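Student: Residue numbers -19 to -1, 1 to 117, in mature numbering (1 follows the signal peptide of the UniProt record, and there is no 0), belong to the letters of the sequence shown in order.
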Amino acid sequence: MKAMIFIVVISMALGVSLSSKNVNEEAMKPLKEKRVIDRFLAYSTEKNPRAADHCRKDNEVCYMLEGKNSTCCNNKCEDLDYDNKNCGACKNKCKYGETCCRGECVNVAYDKRHCGKCNNRCTHGCYCIYGLCDYA
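1) Given 7 Å as the limit, tell me if Cys107 has its C-beta closer than that to any heavy atom belonging to the ligand ADP.
2) Under the three-state reduction of DSSP, which class applies to Val42: helix, strand or coil?
3) Does DSSP classify Leu(-6) as helix, strand or coil?
4) Shortest alpha-carbon distance to Cys96 belongs to which of Met(-19), Tyr77, Ile(-13), Tyr111?
5) Three or more C-beta pairs under 8 Å: does that hold for the region 96 to 108 against the region 67 to 79?
6) Alpha carbon to alpha carbon, how far is Gly(-5) from Met(-19)? Give it in angstroms, no decimals.
7) Skipping 5 residues on each side, what residues in its chain have a beta carbon closer than 7 Å to that of Asn40?
8) Would the beta-carbon of Cys36 fall within 8 Å of that of Lys66?
9) Would you mind stating whether Arg83 and Asp62 have Cβ atoms separated by less than 8 Å?
10) Please return the same chain residues whose Cβ sits closer than 7 Å to the Cβ of Asn101, not counting the five positions on each side in sequence.
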């Protein structure tokens, strides 16, 4: 039994020593420049770190990046069909408990056309209760 424990301890020690890497100073240097601290505010040396994300009210940029349903809202490309903060139009937020489905805010717990999730239609004669069709 003691021999077995000794073998396990030795194998663990070898595993730890072989898997550790040598640390050099090149690897410890940051890849990007640090932020420059101004007298009052901290600011970045980069002009615009997310320039590709900004559409500047140009929907063509959004069509190329995101697809046909994307529109430029607040200088960002948003999908007006399924975005809860921009549902159907820019800055049109859905209320608590509602979800944006096909550009309208719906309560998926009780909507027959969107029961439990978007585009989940209950069969004819069934009701949507608590997000389940024909909950009994």
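We treat Cβ as the ideally placed atom computed from N, Cα and C, and that holds for glycine.
Quantities reported herein were computed from a predicted structural model and do not represent experimental measurements.
Tutor: In this structure, then:
1) Among the components modelled here there is no ligand, and therefore nothing to report on the ligand ADP.
2) helix
3) helix
4) Tyr111
5) no
6) 21 Å
7) Thr52, Cys53
8) no
9) yes
10) His95
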